[in-house]
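All residue numbers for the sequence shown refer to the working numbering, where the first residue is 6 and numbers rise by one.
Just below is one structure, and these are the notes that go with it.
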Amino acid sequence: MDLTLLPNDAIATTLTSAQALLERTVELWTQCTMAQLVHQLGLRGLVRRKVQDVDLHFGIELTTGVGSHRSTGLAIAVGRVVETLRTDPEALACFRAGPVVSLDDLPDGRGRGAIGHLLTSWGDMALDAFELSAPRWREDPRDLMGMLALLVSAPADLPSPQFRQKQARAVADAQLARYEPELSVLERRLLRVLLDRCRKVIRARVSVDRLLYRALCAVRRVLLDIDRRLQRLDPNVPPGGSFCCSAARLVQALRSGRPELARVIAMRDREREHQSREPNPPPGFLGAPPRGGIPIIPTATLLGVGASPGVIEGRARVIRGTLPTALDVGDVLVTQGLDPCLSPLYTVAGAVVAEVGGAHSLEAEAARELSMPAVMSVAHAELHIRDGERLRVDGEAGIVQRLEVPAGLRRGPRRPSPAGSASAPTDLGAGVP
């Protein structure tokens, strides 16, 4: 529907409806996530009745490899596009020759058609999809094109996302086979029932994931139209000003015909500028201003939450709001907050380290589904780790070791690895103990 045809009062009603849809979708997503957590805790509790040393993340590990996740689906879709690009010499030459920012930079052919189909199916995604002011790939595909450029430069014989998912499912089945003999017949039956129900809940939550991204895209579309209207009503309103206002304030301005929002937007801009000058703004701060200012005590060992098992060594690729300029096999992605839209890079990278998140976050789930070691909640990871330095990541123990450190660097506290954790790096294609 063309929103420009609607009067201001109707677009205000549309914004209210879009916001209600988003809130309801978030509520459904939360309910599904809580149900998933309850089932996973139930799985661990049932086995723990007979096996006391069962791993804390047993329920999570047992339900890995379900498939159909939004992030892994994106990785599979992008992987197929990369395969098509490798069969289209002209399109491949364009990616290798220089930056490709849109479909217009590519010649007609299989590669361009595959990317166009990808944008049709996944155009509501973005590297920071939960930030409404971030352009979607359908609007600005530069990030997607940059990701494709990194992937077509990687070796063609790397394990596919589908293979990695099967590998993750095999590990989960091995965990089940390991503990089932310890249970009685009734307990084994109950374990299977709980496992089946948990997988159904996960699939239901994945369906809500799709609705969530679409709802975010719908709200953004309405806000962009409101932004144009506000600039016509008041030339002092800057572009993107609607993203600085609450929905209630925007509705009131549209229905009254007198926006009077320039002062409010200017105040929000000053507030943002003031916060950006803080020594260490929070990771989720809008606009991702440069961080630093607070002295960080150097340490060679960083601790976090083990979110996906596996031990690997590789070069750090620190991502600060944009994609890395290069990505080699086995590199470790280091970010403030992992984004599920980075999952296509997991087929090349060796591990993931993030400042925020936990074992149940979407990003950690994507790492497990693609057999990628991951450590979350590593405090000040971006400030400690330098781009290009070698790291050793233990995704089960939640330990990140900096292997290239100056002499005399203070070593941080070491967390003892749990029994049975890996002590040597795994193969790059495996990413699991």
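Here a beta-carbon is modelled for each residue, glycine too, at the ideal position from N, C-alpha and C.
One thing to note: residue 90 has its Cβ no nearer than 7 Å to the Cβ of residue 190. Sequence-distant partners of residue 150 (beyond 5 residues in either direction) whose C-beta falls short of 7 Å from its own C-beta, in its chain, are 105, 106.
Rounded to the nearest angstrom, the Cβ distance from residue 338 to residue 328 is 10 Å, too far for a contact under 8 Å.
Between residue 19 and residue 227, the C-beta spacing is below 7 Å.
Considering only 63, 164, 237, 194, the residue with the shortest C-alpha distance to residue 354 is 164. By the neighbour-count criterion, in which a residue is buried when 16 or more other Cβ atoms sit within 10 angstroms of its Cβ, residue 272 is exposed. Within its own chain, the residues whose Cβ lies closer than 7 Å to the Cβ of residue 392, once the five positions on either side in sequence are excluded, are 321, 322, 323, listed in chain order.
Secondary-structure assignment with DSSP links residue 406 through a beta bridge to 306, 397. Across the set 154, 60, 65, 137, the C-alpha of 65 shows the shortest separation from the C-alpha of residue 200. Put simply, of 307, 313, 58, 206 the residue whose alpha carbon is nearest the alpha carbon of residue 384 is 307. DSSP places residue 319 in the uninterrupted beta strand (DSSP E) bounded by 316-324. As the crow flies, the alpha-carbon of residue 173 is around 10 Å from that of residue 372. A residue is called buried when at least 16 other Cβ atoms come within 10 angstroms of its Cβ; residue 44 meets this threshold and is buried. Distance from the CA of residue 351 to the CA of residue 153, rounded to the nearest whole angstrom, comes to 13 Å. The segment 134-150 makes no contact with the segment 32-43: fewer than 3 CB pairs, one atom from each, lie closer than 8 Å.
In terms of Cβ geometry, residue 185 and residue 55 do not form a close pair [threshold 7 Å]. In the DSSP assignment, residue 356 falls within the unbroken beta strand (DSSP E) covering 356-359. Beta bridge pairing from DSSP links residue 379 with 313, 357.
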